[in-house]
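Once you know that position 389 of the sequence shown is 387 in our numbering, the rest is easy, because the numbers rise by one and skip nothing.
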Amino acid sequence: MKRAFRFGRAVSMASVVGLLLAACGQEENPQAQQQQAAQERPPHPVEVVAIERQDIALEKSYPSLLRSDDEVTLVARITGNLEKRHFEPGEQVERGQRLFSIEPDVYQAAVNQNEANLQSAQAELSRAQRDAQRFERLLNQNSVSQQQVDQARAELGVARAAVAQAEAALASSRIDLEYAEVTAPVSGVIGLAQINVGNLVSPGSVLATITPLDPLEVRFQLPQRDALELRQQLRSQEGEPFRATLNVPGGSGAATRSLEGRLDFLGSRVDERTSTVQASATFPNPDTRVLPGQFARISLEGLKRFGVLAVPEIAVSQGLMGPQVFVLDEDDTARARTVELGEVAGPWQIIRGGLEPGERVVVGDPAGIEPGTPIDPQPFEGNAQVLVEEAEQAEAEAERQAAKAVQEGEPAEATPEGEAAEGGEDDA
C-alpha cells in the first residue's frame, strides 16, 4: 500500500478536526475543548501488538538486460569453397548437427594420402629395425665394423622420426577434414548465413551465429546487502534451489511475460565501483518468446531480512517531524513516535530506528487517532495484508458516503442562495 494513501487520510482527518474546532472556537477555548473531548470520548478500538524482532520476506526485483552468454559465432577454420548449407536461417539446431560443408572431398583426399605416407614410413621403420638388430649380432661376432652398426642405428632413428612425422601429418589432415564439416557446438536458434554457397572462405571467415534460447541464462547485479542476506539463506537451505522469476514487459500494451527458473550462481566478490555482486539465473524458455536484448526484471522468491522490527505499512503516518507510529503508554493512551523507515516488504514496513522491542505499537489504521487518544487495544492476528484491505474498503466507503452527501446537499445549498438573491432585489 502506498504511503500517499495513509498520509492523505491523515491530512483529511486533520482538516475535519480543524473545521469542527473552527466552528466551535468562537464560544470556548479550543485547547480546553480538546482536553475535555479527549477525556469524554470513548477509547478507540484498534489493533495493537508488542513489537518483536522477526524475519521478513522481501518482494524485490532487479533490472537486467537479457543476453545469451552461450551465444556462439561460427567461423571457418580452413580454406576452401563453401559447397553446401544444411539448415534454414532462423530454425532450431541441435548440438552436433551439420551446418556447412567446405570441400570435404579435397580434405578427405589429403587424409588418404597421409594414411599412405604413414604406411610407407612404418614399412621403412620395420626394415631399419631388422637391419639394426642384424648388425648388432654381427658386431658380437666381429663380422662387421662399429661404423656399420652406427650407420644402422642412425637409419633406425631416421625411420622412427619419419613415422612420427607421418602420424602428425595424418592427424592434422583429419582435423582439417573435421573442419570441412561445420557442426553446431551448442543447441539454439541459428541466424542468417554470412557467406553464400559457392564463395571462398578462409580461416576466420564468419559463417553464422547460434543463440541458445532454451534455457535462457540471465546475469544481473545484486546490491551488496541483498547478496549477503541471500548467501546466508543459501547456506541455511542446504543446497535447495533458490527460485527466481523473470518478468519481461510486453510491447504495445501486451501483457507482461513471466518465466519461472532458479538461481544458478552468486558471486563471491563485491564490485568496488557499484557495490554490487554478480548473480546468474536460468529460466526454461520452451516457446522462445523471450529473446536476448530485451530489458527485464528478476525477482527472487523468499529473500528475507533477519531479526528486524517491522509494522504493517498502514500503521505509519506522516507527522510534523516525519514518519511516525503511535505507541501506547501505561494508560493505553496513544503517543506519537517518530521513526526511521527501512525497506518495504509487501504489506510490511521495516523500522530502522525509533522503536524498541517490547513496545506496544498501534498496527491498525491510524485514521482518527491523535496524540492523547485513549485506545482500546485489539488483538492483531499477524496478517498485515488484511489490515490494508480493510483500510482500503473503509476509505472507499467513506468516499462513497461523501460523494452521496455532496449530491444530496447541492439543492439545499442552492435554495438559500437563490432566496437571498431574490430578497436583495425586492429590497432594492
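Every residue gets a Cβ at the ideal spot worked out from N, C-alpha and C, and that includes glycine.
query                                                                                                            : result
Continuous alpha helix (DSSP H) stretch holding P43: start and end                                               : Not the alpha helix (DSSP H): P43 falls in the beta strand (DSSP E), residues 42 to 48.
Close-in-space but distant-in-sequence residues of the same chain around T181 (CB under 7 Å, 5 per side omitted) : G94, Q95, R96, L97
Between the CA atoms of E57 and A206 - distance to the nearest angstrom                                          : 41 Å
is_contact[P345, chain C] using C-beta, thresh 8 Å                                                               : The structure shown contains no chain C; it holds only a single protein chain.
Length of the line joining the Cα atoms of A400 and T254                                                         : 37 Å
L19 - DSSP class collapsed to helix/strand/coil                                                                  : Caution applies to L19, whose pLDDT of 42 falls short of 50 and renders its modelled position unreliable; the value that the coordinates give is listed next. Helix at L19.
Span separating the alpha-carbon of R303 from that of F240                                                       : 16 Å
Selection from E357, R358, P345, P364 that minimises the alpha carbon distance to I54                            : P345
Limits of the beta strand (DSSP E) - the one that A277 falls within                                              : 274 to 281
Backbone secondary structure at R333 - three-state DSSP                                                          : strand
Stretch-stretch touch, CB-based, cutoff 8 Å, three pairs: the segment 332 to 339 with the segment 348 to 355     : yes
Backbone secondary structure at I367 - three-state DSSP                                                          : coil
Cβ neighbours of N112 in the same chain (closer than 6 Å, five flanking residues each side left out)             : A167, L168, S171
Cβ pair A334, P369 closer than 8 Å                                                                               : yes
E388: CB within 7 Å of a non-hydrogen atom of the ligand GTP                                                     : Absence of the ligand GTP is noted for the structure shown, with no ligands found whatsoever.
Beta-carbon gap between P310 and A382 smaller than 8 Å                                                           : yes
Q322 classed as buried or exposed, judged by whether at least 16 other C-beta atoms fall within 10 angstroms     : buried
For I193, three-class secondary structure by DSSP                                                                : coil
Residue span of the beta strand (DSSP E) that contains R51, given as start and end                               : Segment: none, R51 is in no beta strand (DSSP E) and carries neither H nor E.
Residue environment, L226, which counts as buried when at least 16 other CB atoms sit within 10 Å                : exposed
Cβ shell of T371 (< 6 Å), same chain only, five flanking positions each side left out                            : H42, A332
Check whether A242 and E165 have beta carbons under 8 Å apart                                                    : no
Between the CA atoms of L264 and L257 - distance to the nearest angstrom                                         : 20 Å
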